[in-house]
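Respectively, the protein sequence lines represent chains R and D. Heads up: the first sequence begins at 25 in my numbering, then just goes up one per residue. Heads up: the second sequence begins at -5 in my numbering, then just goes up one per residue. The beta carbon of each residue, even a glycine, is placed where N, CA and C say it ideally should be. Since the model is a prediction, treat every value here as computed from it, not as a measurement. A short write-up of the structure that comes next.
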Amino acid sequence: MGESILTAQNLSKVVPSAEGELTILHPLSLELNKGDSLAIVGASGSGKSTLLGLLAGLDLPSQGEVILAGRALSSLDEDQRARVRAEHVGFVFQSFQLLDSLNALENVMLPLELEGRRDAREHARHLLERVGLGQRLSHSPRQLSGGEQQRVAIARAFAANPDVLFADEPTGNLDSHTGERITELLFELNKERGTTLVLVTHDERLAHRCRRLIRLEAGHLVGPLEP
Amino acid sequence: MARLPLLRLFSLAVRQLLRDARAGELRVLFFALLVAVAASTAIGYFGARLNGAMLLRATEFLGADLVLDGSSPAREEQIRVGRELGLQHARVVEFSSVIATDNGIQLSSIKAADSAYPLRGELKSAAQPYAEEQPGGGPAPGEAWAEARLLTALDLKVGDPIDVGSKTVRITRVLTYEPDRAGNFYSLTPRVLINLDDLAATGIVQPGSRVSFRELWRGDAPALESYRQVIKPGLDANQRLLDGRDGNQQIGGALGKAERYLNMASLVAVLLSGVAVALSATRFANRRFDASALLRCLGLSRRETLWLFTLQLTVLGLLASLVGALLGWVAQLGLFALLHDLLPADVPAGGLMPAIAGMGTGLVALAGFALPPLAALGRVPPLRVLRRDILPIPASTWTVYGAALLALGLIMWRMSLDLVLTFALLGGGIIAALVLGGLLLLGLQSLRRLLAGASLPWRLGLGQLLRHPLAAAGQALAFGLILLSMALIALLRGELLDTWQNQLPKDAPNYFALNILPADKDAFSKRLHELQAQAAPLYPVVPGRLISINGEPVQELVSKDSPGDKAIQRDLSLTWAADLPAGNQLTAGTWWTAQPGGDVPGVSVEAKVAESLKLKLGDHLVFTVAGVNREAQVSSLRSINWDNFQPNFFMIFQPGTLQDLPATYLTSFYLAPGHDREIIDLSRSFPAVTILPIEALLAQLRSILAQVTIAVEYVLLFVLAAGMAVLFSGLQSTLDERIRQGALLRALGAERQLLIKTRRIEFGLLGATSGLLAALGTELVSLVLYRFAFDLPWHPHPWLLLLPVLGALMVGGAGVFGTRRALNASPLTVLREG
């Protein structure tokens, strides 16, 4: 096995609710190596997105620890976690999450600029050409179709050459044909760049393209860790 | 689905509203409305009640709240209406007549009053000339109260009989003060006050004689207003209604300016609140696109959807208006409580009108600003349920802004009843917005090119502005409007106070001296000098009457009871002067530099009299002076600052033209208080001279100005509060987008410092631009207002250049503070939305 890039130890999340404390994620552990791919599947409300948020350092666990690229996230403050994300993590969201005030090229440049890279423009242009949008660089997100917006989002996700790519229902807002093409692109780039992929999805076909799969039900891990 | 009955729709609307309220959804709109209504209600109440208080003081100068003045007796029903409305009534008849005694005759100004007179203020009299004066009372039938100068002129003592026409009355007291004479305090003839019951017996008042009949009324404001409304349409050509404003020129001027200022401040508060409502109403509509689409999917018709949201807004509007009106009412109560030492104890209650007007303001603003974006909700295609990016077809921009402007114009007009001011503010605002908006768009375009090479925070900060140049220009204009309003109100406040203070310096003349005989002239001046009194120059006065203009008798040129009639029906005080007196300004023609060259000497005429007599430069006038006719040619027109308490004249002749005629002299002077003894001695040394103290009038005026000053300062606070409310509603309306952006940037790894920097750049630049616009706008609007609304001299205000800095600090600070939620947004939000 290769080098470990993402480790979750005894991870759980409890939130306060009207009826007292509610455990939305029961303790679970997992470990991913570089280049691995993991699908998290489950029904709505099963805790998929919570787990994704914890793994990516967007949220902190009630218990347990996440170690991302060698850094224990719960010992970091929000700004330090942001730096970890800038250096090691890429995101693809269901609703694309492009900034309306920036055009396609600028959206892709964004993570590169956060990293302070001087060749941001060149690199972003190259990436957009790679995802087939070389002709749409100066278009604003509103001028792009859903599939095109997701391509921009994927280009942005890979721009900073992340170690781990988190994708939250990346095809959820797309028709099946477009969805398939986006899936192809995602896995191609993942393979090209040796990125670790963590994917949350309803789509069993998409899930089975990952090397590993876990299934959540009401916050409990019920599925196998090995495919 | 069958059509929903209105009642079910209503209950659905209320339930949804409650749910939205629980979710904190309506806070911004509710708050904006609350501020709008509270500000305009408080200012409305404050203005109305303060105005009432000031008018109450001013009514003293009229002797009543309202006077029906005419050259013929009032008709029976004109009196009956007033009595039926429960008003107190008094009657006064005034005319000029000769008083005859064994010692000689003296032209006098006779006033016959009934026992109810005066209804406001009190008469003051003394048992003997120069004895201590006592307030109250009035002459009984058979008695007369006369001014000391009549006693001097005819060598009379208290107790002597005098003949008024064919009636003999006995002088019982010396008249020292009439409340309603203040406005006319240097008339030339001595006053004799008799009882109205003796009037018929004098036999003087016959049809055709020049008499002024005054019906005095006192009562509460609504009854007076009803009386005014009933009586106004039926007024005869010779009748007019006078109120506190007409009682005295000085006070009228101050009140008029204060009222205009309060008016303008409330208009500005409404304008600002309108902007706040507009911003939050748009947000309200935008956030309901999804709900609207969903309801359409569930089978609601377009009409029903529209009705549902309209009902929601109406309920919300009514609720916010009620609470706002209550809040405004409480705010002004607190204000009056704070000021209780300065204000009269019986400040009249404001009635319901200001509250209703305030609520109306809120609702009309809501309708004008919220209905157009709301109309878009009816056009949300149901498909939006599936595709969130589908937006409704936007309404025509002209409809949206047209409706809003119409609403705003109506409110402003309704509140000020001043079309000129409304047009000046609204028209000036629109033109300025169009011109400045155009310039801003051009500026943003050029900025775009510069930005390509800029660093990330600059690109992010400005990216938002550049991506929506129209919205950015709109925001800059809105913030600019706030700064402009506040600067303008502050500017006018300072300017008004300065003008008033200059007008009434501490050493403003507090005595007038009339009838100084040429023989006494130098001795009197010397005496004043010894007393260290600060005196104006001595002006010669020759009583004369204008009899013809360009060869035509004036009686035929000027219709009876027109304003011009006032100038010709009595003797005018004619004077001559080598230099233009202080407080006078030439409006046409030139002032003479040397002795007359031609045959006909020049005369300088006061502009308003010239207007009413239709006089032009070069017109040929004939005056009769002491039985001699004197010709003159109009060589200049002058405007007079009546507020300055200096001797002022309608007609000033070129020097050397009247010097051969018998003249007396007139002056005004200031003597520090506590010199009553010296004044009495002065009167005794110069028995022919009439010395009129005007200290009481000055004190009244000063206290009125003090009240106005406080009002002006508090109103500034209200406007400031409204401005801040707008600023925050404006920020709130972009908050959703900012939170999303902030969360996304955080998820992508941006540090908090980057977000703060971005915001600072964005809002600082926006504020600086707004400040620049505001500085330009303030100068422009102040120029227009000074010239047309306030009659003040205008000069540039360099300190306005601080506005861009102030704008950057204020908008920048408020921007970072108001959007701090976006800084702290958890990056997890992006997952939740996804």
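Cβ neighbours of residue i in the same chain (closer than 6 Å, five flanking residues each side left out)
i	result
residue 167 of chain D	119, 139
residue 554 of chain D	In this prediction, residue 554 of chain D scores a pLDDT of 49, lower than 50, which makes its location untrustworthy; the coordinate-derived value is nonetheless stated afterwards. So no residue of the chain qualifies.
residue 381 of chain D	Only weak support exists for where residue 381 of chain D lies, its pLDDT of 49 falling under 50; the value from the coordinates is given anyway. Nothing meets the Cβ criterion.
residue 649 of chain D	570, 572
When the options are compared against residue i, the one with the closest alpha-carbon
i	options	result
residue 184 of chain R	R:118, R:45, R:229, R:132	R:132
residue 605 of chain D	D:585, D:596, D:630, D:546	D:630
residue 57 of chain R	R:213, R:191, R:30	R:30
residue 266 of chain D	D:475, D:188, D:224	D:475
residue 330 of chain D	D:742, D:747, D:746, D:708	D:708
residue 305 of chain D	D:46, D:108, D:10	D:10
residue 421 of chain D	D:30, D:90, D:538, D:400	D:400
residue 352 of chain D	D:300, D:518, D:365, D:316	D:316
residue 682 of chain D	D:540, D:634, D:514	D:514
residue 202 of chain R	R:175, R:143, R:149	R:175
residue 576 of chain D	D:632, D:110, D:535, D:205	D:632
residue 511 of chain D	D:532, D:525, D:172, D:782	D:532
residue 62 of chain R	R:190, R:117, R:244	R:190
residue 128 of chain D	D:347, D:600, D:171	D:171
residue 809 of chain D	D:469, D:684, D:488	D:469
residue 270 of chain D	D:398, D:162, D:153	D:398
residue 4 of chain D	D:303, D:713, D:152	D:303
residue 120 of chain R	R:54, R:196, R:111	R:196
residue 200 of chain D	D:344, D:89, D:361, D:147	D:89
Listed by chain order, chain D residues near residue i by CB distance under 9 Å
i	result
residue 110 of chain R	742, 743, 744, 745
residue 67 of chain R	Neighbours of residue 67 of chain R on chain D: none; closest Cβ ~17 Å, over 9 Å.
DSSP bridge partner residues for residue i (one or two, in chain order)
i	result
residue 226 of chain D	None, per the DSSP bridge assignment.
residue 37 of chain R	R:49
residue 640 of chain D	Paired residues: none, contrary to the question.
residue 225 of chain R	R:65
residue 830 of chain D	Because chain D is modelled from -5 through 828, residue 830 of chain D falls outside the range shown and cannot be assessed.
residue 733 of chain D	For residue 733 of chain D, which the question treats as bridged, DSSP gives no partner whatsoever.
residue 687 of chain D	D:505
residue 56 of chain R	R:30
residue 780 of chain D	According to DSSP, residue 780 of chain D bridges with nothing at all.
Where residue i meets chain D, residues with beta-carbon distance less than 8 Å
i	result
residue 103 of chain R	745, 746, 747
residue 60 of chain R	The premise fails here: residue 60 of chain R is roughly 21 Å from chain D at the closest Cβ pair, so nothing lies under 8 Å.
residue 36 of chain R	Result: empty, since nearest Cβ-Cβ is about 16 Å, beyond 8 Å.
Other residues of its chain near residue i: CB distance less than 7 Å, five sequence neighbours each side excluded
i	result
residue 323 of chain D	35, 39, 349
residue 717 of chain D	266, 476, 479, 480
residue 768 of chain D	474, 477, 478, 481, 797, 801
residue 8 of chain D	309
residue 91 of chain D	102, 104, 158, 159, 198
residue 251 of chain R	Bear in mind that the predicted position of residue 251 of chain R carries a pLDDT of just 42, short of 50, making it unreliable; the figure below should be weighed with that in mind. Same-chain partners within the cutoff: 235, 236, 237.
residue 427 of chain D	471
Chain D contact residues for residue i, given Cβ-Cβ distances below 7 Å
i	result
residue 106 of chain R	740, 743, 744, 745
residue 137 of chain R	450
residue 134 of chain R	742
Closer than 7 Å at the beta carbon, the chain R residues around residue i
i	result
residue 735 of chain D	123
Within chain R, the residues that residue i reaches when beta carbons sit closer than 8 Å
i	result
residue 457 of chain D	123, 125, 126, 130
residue 822 of chain D	77, 82, 83
Beta-carbon proximity list for residue i, same chain, < 8 Å, skipping 5 on both sides
i	result
residue 672 of chain D	525, 665
Given a limit of 9 Å on CB to CB distance, which residues of the region 69 to 100 of chain R reach chain D?
-> From the region 69 to 100 of chain R, only 73, 74, 76, 77, 80, 81, 82, 83 have a Cβ closer than 9 Å to chain D.
If you measure beta-carbon to beta-carbon, which residues of the region 181 to 207 of chain R are closer than 7 Å to chain D?
-> Residues of the region 181 to 207 of chain R that bring their beta carbon within less than 7 Å of a beta carbon in chain D comprise 192, 193, in sequence order.
Which residues, taken in chain order from the region 209 to 233 of chain R, show a beta carbon closer than 8 Å to some beta carbon of chain D?
-> Listed by position, the residues of the region 209 to 233 of chain R near chain D (Cβ gap below 8 Å) amount to none.
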